[in-house]
Structure formats: structure tokens, C-alpha cells
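Asks:
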Amino acid sequence: MRRHLKAKRILDSVTAAVFMIVLGISILILAISAAQPGRVAFGAQEFPAVNPCLQVVIAPGDTLWTLARQYYPNLDPRAVTFAIQAFNSLNDAVIYPGQVIAMPIVDGSSPKAAVVQNPYQ
């Protein structure tokens, strides 16, 4: 009987120690992930640390290529498309209507703001 109680106490002690180790590691991971600059905890969207020059709301039919040609007419659209994709942390070149895309400074060139003409003038 005594052996059984002693074994149970040892098992309880080991279980408590493992629980405390797992709890400590979990708290450490949470603290490290919460302390990373430029990130919001709990899987929220990441925001770039640099303020972009211009934000564009994607319209139906827009592509990164057309945005590159429209806002950076003097630069190679391939390089600009890659820069826009990287700056916005896009996995590929797929964009959706209503999505907001930040236009970065590429090779020292700021994006040219689109001129909106008033049709009633």
C-alpha cells in the first residue's frame, strides 16, 4: 500500500512539474510575440512601419500591372509590380475590388496621383 501511495505522489509531482514547464513556455512565447515591434498580437493584420505616399482603393478590373503603369509611368512596370507586391506583403499579384493598396516609393520615384476630372465642368 505504501508503495502505491509513494508512486502516486511521484507521479503527481512529475505531472505538476510538466504542467509548470509547459505553462512557463507558453507565457514566454506569448510575451515574445506581443513584444515584437510593428506587429499586433493575436494574428491581426500587420501594418508597415513606414507611411506610404499614396493609398489606392482597387476598382474592378485593376491589376498591379495597370497600377504600375498608371502611377509610375517612367519606370519598368515589372519592377514596380514586384515592389507594390512586396510592400503590401502580397503572396501573389491577385488583388480584389475594394482592397486598399499602398503605393511605395520605387527607385526614388513617388507615385503620381491620379488626376480626377470633374465631368460637370
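Using my numbering, read the sequence shown as starting at 3 and increasing by one per residue.
A virtual CB, placed ideally from N, CA and C, is assigned to each residue, including glycine.
(1) Decide if Met22 is buried, meaning its Cβ has at least 16 other Cβ atoms within 10 Å, or exposed.
(2) Rounded to the nearest angstrom, what separates Asp64 and Arg71 at their Cα positions?
(3) Can you tell me which of Pro99, Lys8, Val108 and Gln57 puts its alpha carbon nearest to the alpha carbon of Asn76?
(4) Run through the DSSP bridge pairs and tell me what Met105 is partnered with.
(5) Between the alpha carbons of Val16 and Ala9, how many angstroms are there, rounded?
(6) Measuring straight from C-alpha to C-alpha, what distance separates Arg4 and Leu13?
(7) Tell me the rounded alpha-carbon separation between Val59 and Val20.
Replies: Reading it off the structure:
(1) Within the sequence shown, residue 22 is the residue found at index 20, counting from 1. When all chains shown are included, Met22 counts as exposed.
(2) Translated into the one-based positions of the sequence shown, residue 64 becomes position 62. Translated into the one-based positions of the sequence shown, residue 71 becomes position 69. Cα to Cα, Asp64 sits roughly 11 Å from Arg71.
(3) Locating residue 76 in the sequence shown gives position 74, counting from the first residue. Per the Cα distances, Val108.
(4) As a first step, residue 105 must be located in the sequence shown, where it is residue number 103. Leu56.
(5) As a first step, residue 16 is located in the sequence shown; it is residue number 14 there, counting from the start. As a first step, residue 9 is located in the sequence shown; it is residue number 7 there, counting from the start. Using only the alpha carbons, I get a separation of about 11 Å.
(6) Here the question's residue 4 lines up with position 2 in the sequence shown. Here the question's residue 13 lines up with position 11 in the sequence shown. Computed Cα separation, rounded: 14 Å.
(7) For this step, residue 59 is matched to residue 57 along the sequence shown. For this step, residue 20 is matched to residue 18 along the sequence shown. Each residue's Cα considered, the two are about 51 Å apart.
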